[in-house]
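Just so you know, we're using the working numbering here: the sequence shown kicks off at 8 and counts up by one.
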Amino acid sequence: MGLSGAEEPIFGLNRIMLIRFLAVAVMMLILWLAVRNMRVVPTRFQAGAEFLLGFVRQNVIVDTLGEKDGRRFMPVLMAMFFGILAMNITGIVPGLNIAGTSVIGMPLVLALVAFVLFIYAGLKKHPGAFLKNSLFPPGVPIPIYIIVTPIEFLSTFILRPVTLALRLLMNMVAGHLLLVLCFAATHFFFFSLLAYGDLLGLLGIGTLAFGLAFTLFEILVAVLQAYVFTYLAAVYIQLALADEH
């Protein structure tokens, strides 16, 4: 309870959550506008959307899982890619200025979704052997399982989702901090030094140039991290479906 005696709200929207909702809503709107009136001769907007959808379908999903299994997991993996991309891009949008994936909650949820897909795929394809072979690899002498099994459990069921979440989080946090430093320094040089006649304020030109360059680089990172996260999720599913299980 607060000082006023009123109960604290169980669920509240903060700035980062509003940014996430906005990013996903805008991405859904863009995709809907791109595919609602499909034409034989596509517009530039439709062609761009088809290229991106085709790239994710072929190079991330089908090339990793094959046509049959790729079709099964495509809706979730597509949603994962475009959701991450939308939330990553908000880090460079004026007025938002922070990626929706730069706070641990969203990367952790996405990693858990990928982990659940991995477990589901393995149990569905190899119901009697998936967990057994994951923890007790065949061909290993029985006494060695004392060492191998804890390592396999840690690497397969703990480190995979943790590293998946941390990779996305750290990349987006690092990009955010670089932009903050560059533009904060620019503001200081221009408005705290140059505005009062101190020529050291001209250094703000350099920090502004670096900030703009890092902004372009952050766009590349946003796309790359969406690709890497979705690709790794697809790879983990493929490992679960592998015949050796």
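Glycine included, each C-beta is placed from N, C-alpha and C at the ideal position.
Check, Outcome
"If you draw a straight line from the alpha carbon of Gly90 to that of Leu29, how long is it in whole angstroms?", "11 Å"
"Would you say Leu5 and Phe196 are within 8 Å of each other, going by their C-beta atoms?", "Nothing about residue 5 can be reported from this structure: the residues present for the chain run from 8 to 252 only."
"My output table needs one value for Arg43: the three-state DSSP class, helix, strand or coil.", "coil"
"What is the DSSP secondary structure of Pro150, reduced to helix, strand or coil?", "helix"
"For Leu207, which of Thr193, Gly218, Ala216, Leu219 has the nearest alpha-carbon?", "Thr193"
"Where does Asp205 sit, in a helix, a strand or coil, going by DSSP?", "coil"
"Given a cut-off of 8 Å, decide if Leu248 and Asp1 are closer than it, judged by their beta-carbon atoms.", "Outside the displayed span of the chain (8 to 252) sits residue 1, for which this structure offers no information."
"Whole angstroms are fine: how far does the CA of Leu84 sit from the CA of Ala128?", "13 Å"
"Let's test the definition: count the other Cβ atoms within 10 Å of the Cβ of Glu225 and tell me whether it reaches 16, buried, or not, exposed.", "buried"
"Quick test of the definition: if touching needs 3 or more C-beta pairs under 8 Å, does the segment 38-54 touch the segment 116-125?", "no"
"Per the contact definition of three or more C-beta pairs closer than 8 Å, is the segment 86-101 in contact with the segment 143-160?", "no"
"Quick one: what's got a C-beta closer than 7 Å to Arg27's C-beta in the same chain, skipping five residues either side?", "Met94, Gly107, Met113"
"Are the beta-carbon atoms of Gly218 and Phe190 separated by less than 8 Å?", "yes"
"Using a Cβ-Cβ cut-off of 7 Å (strictly less than) and excluding sequence neighbours within five positions of Leu115, which residues of its own chain qualify?", "Ala172"
"Once DSSP output is grouped into helix, strand and coil, what is the label at Tyr238?", "helix"
"Any heavy atom of the ligand PLP within a distance shorter than 7 Å of the CB on Gly182?", "Within the structure as shown, the ligand PLP is missing, as the structure has no ligands at all."
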